[in-house]
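So the protein sequences, as listed, match chains A and B.
Heads up, the first sequence is in this note's numbering, so the first residue is 1 and it goes up one at a time.
Heads up, the second sequence is in this note's numbering, so the first residue is 1 and it goes up one at a time.
Quick notes on the structure that follows.
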Amino acid sequence: AAGVIQSPRHLIKEKRETATLKCYPIPRHDTVYWYQQGPGQDPQFLISFYEKMQSDKGSIPDRFSAQQFSDYHSELNMSSLELGDSALYFCASTRRSGGPVLKTQYFGPGTRLLVL
Amino acid sequence: DAKTTQPPSMDCAEGRAANLPCNHSTISGNEYVYWYRQIHSQGPQYIIHGLKNNETNEMASLIITEDRKSSTLILPHATLRDTAVYYCIVRVEGTQGGSEKLVFGKGTKLTVNP
Chain A
1 AAGVIQSPRH LIKEKRETAT LKCYPIPRHD TVYWYQQGPG QDPQFLISFY EKMQSDKGSI
61 PDRFSAQQFS DYHSELNMSS LELGDSALYF CASTRRSGGP VLKTQYFGPG TRLLVL
Chain B
1 DAKTTQPPSM DCAEGRAANL PCNHSTISGN EYVYWYRQIH SQGPQYIIHG LKNNETNEMA
61 SLIITEDRKS STLILPHATL RDTAVYYCIV RVEGTQGGSE KLVFGKGTKL TVNP
């Protein structure tokens, strides 16, 4: 079965640079979530989108922005990168539309960002 | 969403059943219990979920106590590949437009030994 695709898988940037992470949800999934996992930490929710609209926001820095496109893929844009942004970034998708059915989130393999 | 409490680590012998407990004493009636696991630096993997009845799938079984204040994830025949951090997450199943973010706690680091 098709899974969530994230690109790139690895990214190295310098401080103050920008980065764009991409997420392609499972086909027919309409909701995308972004999570950040720092070294030795547990995943933390950043932001989510449903039908191209932001649906929830967590502890996402103002330097970060995200959007969801008409094909449901999503991009996380990160500017003025700091050393502390080095982390794994996971995208998850689910299908929310169609009624109050259980909406299990399925995660991608993640993008490992290293800021030097 | 209700908080969960899990032991930080557990060990299990290969081939034996692994029983991972989770306390969620403040769970409310419309909150589900979800289990995910994360194998070293990979994306969290969905295992199973339940509301009040015991559930079983090809990966595991979920036993929820009658008062729903705790649950146990059972891996019936643990293998070395089951070594991972297991997260017990309690959340309301959102309706249209509601947020359904997952709040990860500390989880249990399960080590399956040969």
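Ideal placement from N, C-alpha and C gives every residue a C-beta, glycine not left out.
Exercise for review: Check the Cβ-Cβ distances between P43 (chain A) and every residue of chain B, and say whether any is below 7 Å.
Suggested key: Counting from one through the first sequence, the residue named residue 43 (chain A) turns up at place 43. Chain B, which has a Cβ nearer than 7 Å to the Cβ of P43 (chain A), makes this yes.
Exercise for review: Could you tell me the distance, in whole angstroms, from the CA atom of G98 (chain B) to the CA atom of L11 (chain A)?
Suggested key: For the purposes of this step, residue 98 (chain B) is taken as the residue at position 98 of the second sequence. For the purposes of this step, residue 11 (chain A) is taken as the residue at position 11 of the first sequence. Because the pLDDT of G98 (chain B) is 48, which lies under 50, any placement of that residue in the model is unreliable, and the number read from its coordinates should be weighed accordingly. Using only the alpha carbons, I get a separation of about 33 Å.
Practice item. Can you give me, in chain order, the residues of the region 51-80 of chain B that have a beta carbon less than 7 Å from any beta carbon in chain A? Key: none
Review point. Hey, how far is the Cα of S41 (chain B) from the Cα of L88 (chain A)?
Key: Counted from its first residue, the second sequence places residue 41 (chain B) at position 41. Counted from its first residue, the first sequence places residue 88 (chain A) at position 88. Answer to the nearest angstrom: the Cα atoms are 8 Å apart.
Check your understanding: Y106 (chain A) touches chain B at which residues, Cβ-Cβ below 8 Å?
Key -> Position 106 of the first sequence holds residue 106 (chain A). What Y106 (chain A) touches in chain B: Y46.
Practice item. Alpha carbon to alpha carbon, how far is L20 (chain B) from Y50 (chain A)? Give it in angstroms, no decimals. Key: Here residue 50 (chain A) is taken as the residue at index 50 of the first sequence, counted from 1. Here residue 20 (chain B) is taken as the residue at index 20 of the second sequence, counted from 1. Taking the straight line from one Cα to the other gives about 33 Å.
Review point. Span of the beta strand (DSSP E) holding H49 (chain B)?
Key: The residue you call residue 49 (chain B) lines up with position 49 of the second sequence. Here the beta strand (DSSP E) through H49 (chain B) covers 45-50.
Point to revise | Cα-Cα separation, E66 (chain B) to K52 (chain B) | key: On the second sequence, residue 66 (chain B) is found 66 positions in, with the first residue counted as 1. On the second sequence, residue 52 (chain B) is found 52 positions in, with the first residue counted as 1. Roughly 7 Å separates the two Cα atoms.
Review point. Rounded to a whole number of angstroms, what is the C-alpha to C-alpha distance between K13 (chain A) and I47 (chain A)?
Key: Locating residue 13 (chain A) in the first sequence gives position 13, where the first residue counts as 1. Locating residue 47 (chain A) in the first sequence gives position 47, where the first residue counts as 1. Going from the Cα of K13 (chain A) to the Cα of I47 (chain A) covers about 22 Å.
**Study point:** Residue-level contact to chain A via CB, G43 (chain B), 7 Å cutoff
**Key:** On the second sequence, position 43 is the one that residue 43 (chain B) refers to. True, the Cβ-Cβ gap to chain A drops below 7 Å.
Exercise for review: Put L102 (chain B) into one of helix, strand or coil per three-state DSSP.
Suggested key: Within the second sequence, the letter at position 102 stands for residue 102 (chain B). Residue state, collapsed to three classes: coil.
Point to revise | Whole-angstrom distance between S59 (chain A) and S65 (chain A), CA atom to CA atom | key: Within the first sequence, the letter at position 65 stands for residue 65 (chain A). Within the first sequence, the letter at position 59 stands for residue 59 (chain A). About 12 Å.
Point to revise | At least 3 beta-carbon pairs within less than 8 Å: the region 29-47 of chain A vs the region 13-29 of chain B | key: no
Check your understanding: If contact means a Cβ-Cβ distance below 7 Å, which residues of the region 68-89 of chain A contact chain B?
Key -> L88
Point to revise | Distance between beta carbons of S9 (chain B) and K106 (chain B), contact taken as under 8 Å | key: Taking the first residue of the second sequence as position 1, residue 106 (chain B) is located at position 106. Taking the first residue of the second sequence as position 1, residue 9 (chain B) is located at position 9. Wrong, their Cβ atoms sit about 10 Å apart, outside the cutoff.
**Study point:** Proximity below 7 Å, CB of E152 (chain B) to CB of V112 (chain B)
**Key:** Shown here, chain B extends from 1 to 114; a query on residue 152 (chain B) therefore has no answer.
Check your understanding: Thinking just about the alpha-carbon of each residue, which of A:R96, A:A2, A:A19, A:Q44 is nearest to the one in S80 (chain A)?
Key -> Within the first sequence, numbered from 1, the residue matching residue 80 (chain A) stands at position 80. Ranking A:R96, A:A2, A:A19, A:Q44 by Cα distance to S80 (chain A) puts A:A19 first.
Exercise for review: Determine the contact status of E58 (chain B) and I48 (chain B), defining contact as a CB-CB distance below 7 Å.
Suggested key: Mapped onto the second sequence, residue 58 (chain B) falls at position 58. Mapped onto the second sequence, residue 48 (chain B) falls at position 48. Against a cut-off of 7 Å, the Cβ pair of I48 (chain B) and E58 (chain B) comes out as no contact.
Point to revise | chain B within 7 Å of G40 (chain A), Cβ atoms only | key: Within the first sequence, the letter at position 40 stands for residue 40 (chain A). Not an interface residue.
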